[in-house]
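Undergrad: The sequence shown begins at 1114 in the working numbering and counts up by one. Can you read through this structure? Questions will come right after.
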Amino acid sequence: MQGVIAAVPTPIDADRAPIKELFLEHCQWALTNGCDGLNILGSTGEANSFDLTSRHTVMFWAAEGLPKDRLMVGTATPSLQETISLTEYADDLGYGIALVLPPYYYSPVSDEGLISWYSALHDALGRRPIQIYFYNYPQMTGIGIPVTVISELVRYAPERFMGIKDSSGDLNYCRAIVTANSALRVFPSSETALESAKADGFAGCISASVNLTATLAGQIWAQRETPPADLCAEVARRRGVIAGPTLIANVKSLVAGRAKDTRWRAVLPPFLPLHKTVENDLKTALEG
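Right, dumping it as structure tokens:
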């Protein structure tokens, strides 16, 4: 797995249940318009607001309807046993990669506690081949995964712990991981990092805004040896418009415009859909 990975949103109906046809249409659009892969049921997919049955359903749809070698899936919950169960189900479906947040309720967590938690997940998976990518998102979880913890776990199970998505926004942290663990695939959470991906040793990006910037981001990744300055500037501008406190609602609103289907506007509580005026302003700003 490398390149431009879209953290895809999950469309929902009036009963807050996922909508299959909208979900698969957008995933297929992303894969044919610049994305090398998809992150299913991450933060943008509102995974932690869904029950386990809904998560199983979406995981099955993606595994059945999309190329599995281009998928990764979020399987983390604060419960170790539920995380094990979701990761085993992902492996049963043929996913190669599970993206796993740290246990985010009992914070702060000691380094030893994080090592114990991830080690227990690895041990429970036994001979299953599914890889684990760490998911560092301290703004949401209250827990940052130290580079030393990552290094210890990679030494413990190098065939299991193979990558990380970092949503902290700290590229120096990402660079430190590359330096300490050269075999680990490191994905910052913004496509703006693609400009220096070659020099920094990043494997690409896993980004929410790539759902709208996929074509430009894909071009930058394809030309990563000498990324075009004009494309990098434009993708940074668009990322700046989309990102912010209402990121998920922004992404869903803009996808609704692309797909010409207003059902995409719906978000799960506690999120709120964008007011129509805000939605129009967002669209205008993105178009520049």
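Glycine included, each C-beta is placed from N, C-alpha and C at the ideal position. The structure presented is a predicted model; accordingly, all values stated were derived computationally and were not measured.
Assign TRP1216 to one of three DSSP states: helix, strand, or coil.
TA: Inspection of the sequence shows that residue 1216 is occupied by Pro rather than by Trp. Note: PRO1216 maps to coil in three-state DSSP.
Undergrad: Cβ atoms of GLU1159 and ALA1372: under 8 Å apart, would you say?
TA: no
Undergrad: Is it buried or exposed for ARG1168, if we count other Cβ within 10 angstroms and need 16 for buried?
TA: buried
Undergrad: Which of the three DSSP states is assigned to TYR1269 in this structure?
TA: The answer is helix: DSSP assigns TYR1269 an H, G or I state.
Undergrad: Suppose you measure from the CA of LEU1227 to the CA of LEU1234; what does that come to, to the nearest Å?
TA: Roughly 11 Å separates the two Cα atoms.
Undergrad: Can the beta-carbon of ASN1146 be found less than 8 Å from the beta-carbon of THR1339?
TA: No, the pair does not count as a contact, with Cβ atoms beyond the cut-off.
Undergrad: Note down, in chain order, each residue of its chain lying with its Cβ closer than 8 Å to the Cβ of CYS1345, except the 5 sequence neighbours on either side.
TA: Annotation for CYS1345: THR1305, LEU1307, GLU1308 and ILE1333 place their beta carbon closer than 8 Å to its own, counting only its chain and skipping 5 residues before and after.
Undergrad: Please identify the residue among GLY1357, LEU1284 and ARG1273 whose C-alpha is closest to the C-alpha of ILE1263.
TA: ARG1273
Undergrad: With a threshold of 7 Å on Cβ separation, who are the neighbours of ASN1084 within its own chain once the five nearest residues in sequence on each side are excluded?
TA: Only positions 1114 to 1401 of the chain appear in this structure, which leaves residue 1084 out of reach.
Undergrad: Hey, how far is the Cα of SER1156 from the Cα of SER1303?
TA: 14 Å
Undergrad: Measuring only the C-alpha atoms, how far is ALA1362 from LEU1385?
TA: 7 Å
Undergrad: Is it a yes or a no for the segment 1213 to 1223 touching the segment 1250 to 1258, going by three-plus beta-carbon pairs under 8 Å?
TA: yes
Undergrad: How big is the Cα-Cα spacing for ASN1393 and GLU1400?
TA: 11 Å
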